[in-house]
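Chemist: Here the sequence shown stands for residues 0 to 181, where the numbers follow numbering that gives the first Met the number 0. Quick one: the structure is below, and I'll ask about it shortly.
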Amino acid sequence: MEFFPALNPDHRAFIAKQPVFFVATAAEGTRINLSPKGMDSFRVLDDRTVAYLDVAGSGNETNAHLIADGRITIMFCAFDNPALIFRLYGHGTPVLPQDAEWDDLAACFTLLPGTRQIFRIAIDQVQTSCGWGVPYMAFERERTTLSRYHQTHADEARFAKYAVRTTSIDGLPVRNPTVAPA
0 MEFFPALNPD
10 HRAFIAKQPV
20 FFVATAAEGT
30 RINLSPKGMD
40 SFRVLDDRTV
50 AYLDVAGSGN
60 ETNAHLIADG
70 RITIMFCAFD
80 NPALIFRLYG
90 HGTPVLPQDA
100 EWDDLAACFT
110 LLPGTRQIFR
120 IAIDQVQTSC
130 GWGVPYMAFE
140 RERTTLSRYH
150 QTHADEARFA
160 KYAVRTTSID
170 GLPVRNPTVA
180 PA
């Protein structure tokens, strides 16, 4: 196990090759939220800042936890060689379409159907570990189900019904888009 204060070029290269990452958050008195992510939604902004595009799904726990606590862990793991588990520990902020920084941050991504927000993460620490217990697996292709759903239900009223949650599953408040992203 090794710790780093920031991302280095080898870390950036590893992240760029990964088709999936995992996000973990929690706030006092709540369940731990752990979610897999994909869909070309992760960006390294600089050596101490990353972001990922969030598409409306079944909940909005990360938003609620970051508002309440701020802590977030991102994990990548290699399913090929060399074996590696790679974690980013930091503090995150939900950035929504109505926020002043939205346009600059959104320009780093190709917005996907159903885009709800972007999470910007300030890295506190980077950790690598062996990953020898992670199985070999091959990436076949992205799932298109969520994008197809949002393309089919693209009008603003349906987006709002699906994307807007007033609380997390544990009752914490969430911030919601006031407009659908362009």
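A virtual CB, placed ideally from N, CA and C, is assigned to each residue, including glycine. The structure displayed is predicted, hence computed values, not measured ones.
Taking the continuous alpha helix (DSSP H) assigned at P35, which residues delimit it?
Modeler: Unbroken run through P35 is the beta strand (DSSP E), N32 to K36; no alpha helix (DSSP H).
Chemist: What is the DSSP secondary structure of E100, counted as helix, strand or coil?
Modeler: Residue state, collapsed to three classes: coil.
Chemist: So, using beta-carbon positions, are F2 and A50 closer together than 8 Å?
Modeler: No; because the gap between Cβ atoms is not below 8 Å, this pair is not in contact.
Chemist: Using three-state DSSP, classify E1 as helix, strand or coil.
Modeler: E1: strand per DSSP, three-state reduction.
Chemist: What's the call for C76, buried or exposed, on a 16-neighbour Cβ count within 10 Å?
Modeler: It counts as buried.
Chemist: Helix, strand or coil for I117? Go by DSSP, reduced to three states.
Modeler: Three-state DSSP puts I117 in a strand.
Chemist: Can you give me the C-alpha to C-alpha distance between I71 and T114, rounded to a whole angstrom?
Modeler: Approximately 20 Å between the Cα atoms of the pair.
Chemist: Would L52 pass as a contact of S34 if the rule is Cβ separation under 8 Å?
Modeler: No, Cβ-Cβ distance for L52 and S34 is not below 8 Å.
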